[in-house]
Ligand SMILES: [Zn+2]
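Numbering (my numbering), first residue to last: 16 to 246.
Right, here's the structure in full:
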């Protein structure tokens, strides 16, 4: 006998985008274009998200497999705490679970992730140390809460193609001290209290990583021990 299937729960509970989603999407479009212009979002790599609401969780995130230099505000997906898509076509970025761990552990409302030559090189050079150290560099002031006199340790964690494993790996390194985690031969996640801060943190860390790699290539330390050149 034919039995009518029992309808499952309607997961598309909120078909309309929240009013603040337009500005969030636009800020991510602009950030992605800038990151791409710097060679940090080549191919379809990288992903960006903004958490519009913490409870219930509503995250606007880049779609999987899309060229990040050609994003439109309509391309972003609105997802809930289970990663279920509420609006938008396609699949959310595979690395969404990493973003969700960062949102769970911090006050961030934006998480941006880029792959660059400098961040990949730095992750190899300093893997054994477990972090990249930045000290005595003016650009450190661009990191929320930091001054020129602060030493910043950017943690490096193992990479994995298993997303729950990668999310755990990143989560274990998240602190309130430094708003970023570097993944071995993969890329950097940086976050901030808003999209502007997350973008600034990506720019600052990319500068610092490029500088650190160049210093290493020249055989120079990040800081010479006597704090020369700082009054
Ligand atoms: Zn990635």
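From the three backbone atoms N, C-alpha and C, an ideal C-beta is built for every residue, glycine too.
The model shown is predicted, which means the values in this text are computed figures rather than measured ones.
Remark: C-beta atoms of residue 116 and residue 79 do not approach each other more closely than 8 Å. For residue 144 and residue 104, the gap between their C-alpha atoms comes out near 42 Å. Secondary structure remark: continuous beta strand (DSSP E) runs of at least 3 residues inside the segment 54–139, in chain order: 62–68, 73–76, 92–94, 100–102 and 125–129. For residue 193, the three-state secondary structure derived from DSSP is coil. Annotation: residue 33 to residue 190 spans about 30 Å, alpha carbon to alpha carbon.
The residues 171, 197, 199 and 200, in chain order, have a CB closer than 6 Å to that of residue 138 in the same chain once the five nearest residues on each side in sequence are set aside. By the neighbour-count criterion, in which a residue is buried when 16 or more other Cβ atoms sit within 10 angstroms of its Cβ, residue 130 is buried. In the structure shown, the three-state DSSP call for residue 158 is coil.
The three-state secondary structure of residue 245, taken from DSSP, is coil. The straight-line gap separating the alpha-carbon atoms of residue 233 and residue 42 is approximately 37 Å. A straight line joining the alpha-carbon of residue 140 with that of residue 218 spans about 20 Å.
The beta carbons of residue 124 and residue 208 sit closer together than 8 Å. Distance from residue 127 to residue 63 at the Cβ level is roughly 5 Å; contact confirmed, criterion being Cβ atoms closer than 8 Å.
Residue 226 and residue 53 have their C-alpha atoms roughly 15 Å apart. The Cβ atoms of residue 181 and residue 146 lie no closer than 8 Å to each other. With a beta-carbon spacing of about 14 Å, residue 184 and residue 195 fall beyond the 8 Å limit used to define contacts. Between residue 61 and residue 83, the gap from beta carbon to beta carbon is short of 8 Å. In the structure shown, the three-state DSSP call for residue 205 is strand. Straight-line measurement puts the Cα of residue 40 at about 16 Å from the Cα of residue 100.
Sixteen is the threshold: when 16 or more other Cβ atoms of the shown chains lie within 10 Å of the Cβ of residue 73, as they do, the residue is buried. Residue 161 has its alpha-carbon roughly 33 Å from the corresponding atom of residue 94.
In this structure residue 205 is not in contact with residue 120, their Cβ atoms being roughly 14 Å apart against a cut-off of 8 Å. Beyond the five residues adjoining it in sequence on each side, residue 37 comes within less than 8 Å, by CB distance, of 88 in the same chain, given in chain order.
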